[in-house]
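Shown next, in structure tokens, is the structure this report addresses.
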Amino acid sequence: MKKHDTLVKLHDDKYYILASSSYADDRVLTLNYGDTFAIFDRWGDIKQFGTCSQGIYHQGTRFISDMELEINHYRPMLLSSNIKNENEMLSVDLTNPDISGDQNVVIPKGTLHISRSKFLQDGACHELIILYNYGSDSHEIDLELTFDADFRDIFEVRGMERKKRGKLQAPFASGNNHIVVSYTGLDNIERQTNLHFDPAPAFIKDNKITYRIKLAPQGGAFSINCTSVFTVYANPVQFESYFIAYDKIKTGMEKSKEMVAEIFTDNEQFNNWINRSKNDLLSLLVQTPFGSYPYAGVPWYNTVFGRDGTFTALETLWVAPNIAKGVLLYQAARQATKLLPLQDAEPGKILHEIRSGEMAETGEIPFKLYYGSIDTTPLFIVLAGQYLRRTDDIDTIRKIWENILNALTWIKVYGDMDGDGFVEYQRKAESGLANQGWKDSHDSISHENGDLASFPIALCEVQGYVYDAKIQAAYMAQRLGNNEMAEQLTKEASELKKHFNEVFWDEQLGTYILALDGDKKPCRVVASNVGHLLYSGIATTERAAQAAKKLMNDDMFNGWGVRTLSSKAARFNPMSYHNGSVWPHDTAIAAYGMARYGMMEPAMRLMQGLFDASLFIELQRLPELFCGFPFRQGEAPTAYPVACSPQAWSVAAVFLLLQACLSISFDGHEKKLTFYKPVLPDYLKEIRISNLRFGNEQFELDLIKYEHDLGIHLIKKPEGWEIVTIK
Numbered sequence: 001m002k003k004h005d006t007l008v009k010l011h012d013d014k015y016y017i018l019a020s021s022s023y024a025d026d027r028v029l030t031l032n033y034g035d036t037f038a039i040f041d042r043w044g045d046i047k048q049f050g051t052c053s054q055g056i057y058h059q060g061t062r063f064i065s066d067m068e069l070e071i072n073h074y075r076p077m078l079l080s081s082n083i084k085n086e087n088e089m090l091s092v093d094l095t096n097p098d099i100s101g102d103q104n105v106v107i108p109k110g111t112l113h114i115s116r117s118k119f120l121q122d123g124a125c126h127e128l129i130i131l132y133n134y135g136s137d138s139h140e141i142d143l144e145l146t147f148d149a150d151f152r153d154i155f156e157v158r159g160m161e162r163k164k165r166g167k168l169q170a171p172f173a174s175g176n177n178h179i180v181v182s183y184t185g186l187d188n189i190e191r192q193t194n195l196h197f198d199p200a201p202a203f204i205k206d207n208k209i210t211y212r213i214k215l216a217p218q219g220g221a222f223s224i225n226c227t228s229v230f231t232v233y234a235n236p237v238q239f240e241s242y243f244i245a246y247d248k249i250k251t252g253m254e255k256s257k258e259m260v261a262e263i264f265t266d267n268e269q270f271n272n273w274i275n276r277s278k279n280d281l282l283s284l285l286v287q288t289p290f291g292s293y294p295y296a297g298v299p300w301y302n303t304v305f306g307r308d309g310t311f312t313a314l315e316t317l318w319v320a321p322n323i324a325k326g327v328l329l330y331q332a333a334r335q336a337t338k339l340l341p342l343q344d345a346e347p348g349k350i351l352h353e354i355r356s357g358e359m360a361e362t363g364e365i366p367f368k369l370y371y372g373s374i375d376t377t378p379l380f381i382v383l384a385g386q387y388l389r390r391t392d393d394i395d396t397i398r399k400i401w402e403n404i405l406n407a408l409t410w411i412k413v414y415g416d417m418d419g420d421g422f423v424e425y426q427r428k429a430e431s432g433l434a435n436q437g438w439k440d441s442h443d444s445i446s447h448e449n450g451d452l453a454s455f456p457i458a459l460c461e462v463q464g465y466v467y468d469a470k471i472q473a474a475y476m477a478q479r480l481g482n483n484e485m486a487e488q489l490t491k492e493a494s495e496l497k498k499h500f501n502e503v504f505w506d507e508q509l510g511t512y513i514l515a516l517d518g519d520k521k522p523c524r525v526v527a528s529n530v531g532h533l534l535y536s537g538i539a540t541t542e543r544a545a546q547a548a549k550k551l552m553n554d555d556m557f558n559g560w561g562v563r564t565l566s567s568k569a570a571r572f573n574p575m576s577y578h579n580g581s582v583w584p585h586d587t588a589i590a591a592y593g594m595a596r597y598g599m600m601e602p603a604m605r606l607m608q609g610l611f612d613a614s615l616f617i618e619l620q621r622l623p624e625l626f627c628g629f630p631f632r633q634g635e636a637p638t639a640y641p642v643a644c645s646p647q648a649w650s651v652a653a654v655f656l657l658l659q660a661c662l663s664i665s666f667d668g669h670e671k672k673l674t675f676y677k678p679v680l681p682d683y684l685k686e687i688r689i690s691n692l693r694f695g696n697e698q699f700e701l702d703l704i705k706y707e708h709d710l711g712i713h714l715i716k717k718p719e720g721w722e723i724v725t726i727k
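If you count by the UniProt record's numbering, then the sequence shown holds residues 1 to 727, one letter each, in order.
Structure (structure tokens):
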């Protein structure tokens, strides 16, 4: 397919996210908690315009699609709105416009203050509305709340069309303060939105409730507690008071903070970036029976993703090892055991994503439990090995060792489809994803003339992951006493590295090729995938230096980060999802890879680029991606219209960048914490790291930058540990 054919083929990408308008001009605010997330406008309302994506979603379904507040039939005036620093609450301040009656202004603007506070918790949305009269006269107010629930599947909201839907029941009042809206889907599952009001309103009619409120002068106040509970399978409804529910949220937040090390620097803006990233990361963690798992991102990926969860765990492993443990145990429990073509499942394969919702239940989308990614399986092994090195938790590795062996078998039996020594992918069913690497857009793998690659495709970075998986598996086998297996895996890794460098290196291109297509023809384009090769260690030292230099050229590094595709490539488009945009996690991986090979100067440039980008972005929250236009002095990076924010592996990028510049590594078995030629950028003179955990013990240390040196001052360490500094 030629470059100009892109628009014609757009609808072939069934899972493309429709963007009729961007979040940037919708000015939305988001909350998330577990399986529930919400997109509000700045008034705290839910209104459908632009992308028509506002609403409160639970388990893959929109349970509230409209919620608007009015006083005396007027929409209030916005004073301000924000998400609190720890992501737990939306706070909105409103006032009244001039309210007329009998041809006179009866309530001058700015007389009433209307406070709205909202938070999500365990499949419910809690809202507290407080009205306060600052005027010298008493006022009678009609406060109205209108609502609607369309129960659309999130894939419908994203733009997929459905020929048929289930049965939606009209709202009905159950008592004087409780309204129920229900929907029975094509999956025969009943989903309900239950709204509870305290105190009871004066009127309930269809989808509108009305309060008649009289506010005394100079201090008259009235408060309303509105609770929305979302149920699936007609589960019993339990309403909890606003304040009891919020106390539970705060208690859980305080406990979760202990999972992640505290990092404090002498740069306030950098501290804001770290703290924002930490709070966002914690907000995306969901407690499962196996431990914490980071959901991928809000709004479109608020669920378990194998690749995203694994990379997030790797990025944060040095500061939050328990996240990795939860990811490993969860993925091991969901490892495929059968050949299931519709789900792209094969024995030993690690999942790609899990979805709930009507369309997943009916099979209209294949993602209820889907395995269509080529890289999650080797990355599972990589994470397991790195987790063992970090924690010395051999018991967890024993528990999942059979899963690791099954993953290694999958690589040999199913991953290498044609026996050429490389791992390839080709979907098993038309309903599945065509491209199954991290760049999974339908047009993300192409040749230098712009033609799309034929299947099966062997991506360069996947071979790097497989190489690293064999190295890590060898380490784990050796720790478990299986020296023969360790030697065999080490040998296989060495052979793969040699074979890979013979086939994937392109001397004329000056870097590694993107992929081999189904005819073993090289995809000779420069792409950011090469940064993952440095991360994995499969590149030779000499070629790593050349590849890094290529990544830092102007066609790849745009000043903020590394473009996914060179601006010289036939398919380059800075506004595309994977063909020229900048992804923070991708840039952080490249930076870490450069640091691994001792190339600290370009690694620091990438860290500087993302830090600078954060300063222009609201809340200093790096989004899923942004556009790949060239750096413009004094201007923000150009937003991508429907980027997820927060996105787990983007907010985790700062931790990997810090690990890269400090060159910090753990050997839990030998009890050595090593800094290998650490450096600090010019904008950081001092870093304090505390609550850096090893089991129940912790490290605390200061790093101070001097004129020609970096000092490491140890304050606390676990018993028996040695701190090694190589300068």
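For every residue, glycine included, the Cβ atom is placed at its ideal position computed from N, Cα and C.
Item, Value
"Using a threshold of 7 Å, is the CB atom of N579 nearer than that to any non-hydrogen atom of the ligand FAD?", "Ligands displayed in this structure: none; no statement on the ligand FAD is therefore possible."
"In or out: Q331 buried (at least 16 other Cβ within 10 Å) or exposed?", "buried"
"Taking only runs that begin and end inside the segment 544-605, name each unbroken alpha helix (DSSP H) of 4 or more residues, in chain order.", "584-596"
"Going by Cα to Cα distance, which pick from A547, F290, R276 and P294 is closest to L284?", "P294"
"If I follow the unbroken alpha helix (DSSP H) through C226, where does it start and stop?", "Unbroken run through C226 is the beta strand (DSSP E), A221 to V232; no alpha helix (DSSP H)."
"Counting Cβ pairs, one atom from each stretch, are 3 or more of them under 8 Å apart for the segment 387-407 and the segment 332-352?", "yes"
"With a 10 Å radius around its C-beta and 16 neighbouring C-beta atoms as the bar for buried, classify residue 729 as buried or exposed.", "Only positions 1 to 727 of the chain appear in this structure, which leaves residue 729 out of reach."
"For the structure I just gave you, are there three or more beta carbon pairs, one from the segment 556-574 and one from the segment 617-632, closer than 8 Å?", "yes"
"Under a three-way DSSP split, which group does R158 fall into?", "helix"
"Distance, Cα to Cα, Y233 vs F155?", "20 Å"
"My output table needs one value for S650: the three-state DSSP class, helix, strand or coil.", "helix"
"Counting only the same chain and skipping the five closest in sequence on each side, list residues whose C-beta sits under 6 Å from that of I107.", "N96, I99 and H139"
"Rounded C-beta distance between T511 and A547? I'm assuming under 8 Å.", "5 Å"
"Just to confirm, are I263 and L658 a CB contact at a threshold of 8 Å?", "yes"
"Where does the unbroken beta strand (DSSP E) through V466 begin, and where does it stop?", "V466 -> not in any beta strand (DSSP E); alpha helix (DSSP H) instead, spanning C460 to R479."
"State the Cα-Cα distance for the pair G419 and V181, rounded to the nearest angstrom.", "56 Å"
"For I46 and I64, which I take to be in contact (beta-carbon distance under 8 Å), what is that distance rounded to the nearest angstrom?", "6 Å"
"Look at the alpha carbon of K672 and the alpha carbon of K717, and state the distance between them as a whole number of angstroms.", "11 Å"
"Could you tell me which of N133, L339 and Q386 sits nearest to P217, measuring between CA atoms?", "N133"
"When the distance is taken between beta carbons, is Q343 closer than 8 Å to P366?", "yes"
"One question on the structure: do S663 and Y683 come within less than 8 Å of each other, judged by their Cβ atoms?", "no"
"Kindly identify the DSSP beta-bridge partner or partners of F151.", "BP columns for F151 are empty, so no partner."
"For a test of the three-state rule: what should DSSP assign to K167, helix, strand or coil?", "strand"
"What separation, rounded to the nearest whole angstrom, lies between the Cα atoms of N87 and E618?", "13 Å"
"Alpha carbon to alpha carbon, what distance is there between G711 and W721?", "19 Å"
"Quick check: the Cα distance between V229 and F172, rounded to an integer number of angstroms?", "15 Å"
"Is the separation between the beta-carbon of A653 and that of A588 shorter than 8 Å?", "yes"
"So if DSSP puts E722 in a beta bridge, which residue, or which two residues, is it bridged to?", "K672"
"Within 8 Å, do at least three Cβ pairs link the segment 235-253 to the segment 162-177?", "no"
"List the whole-angstrom C-beta distance separating K497 from Y467, where the pair is believed to meet the contact cut-off of C-beta under 8 Å.", "6 Å"
"Using the Cβ count rule (16 or more neighbours within 10 Å means buried), how would you classify H442?", "buried"
"Within 10 Å of its beta-carbon, does Q238 have 16 or more other beta-carbons around it, so buried, or fewer, so exposed?", "exposed"
"Any chance you could list the alpha helix (DSSP H) runs of at least 4 consecutive residues sitting entirely within the segment 247-314, in chain order?", "268-284"
"If you drop the 5 nearest sequence neighbours on each side, which residues of the same chain put their C-beta closer than 8 Å to that of F119?", "L31, Y33, E88, M89, L90, C125, H126, A245, Y246 and I249"
"Please return the same chain residues whose Cβ sits closer than 6 Å to the Cβ of Y414, not counting the five positions on each side in sequence.", "E346"
"When you compare only the Cα positions, how much space is there between E258 and E70?", "42 Å"
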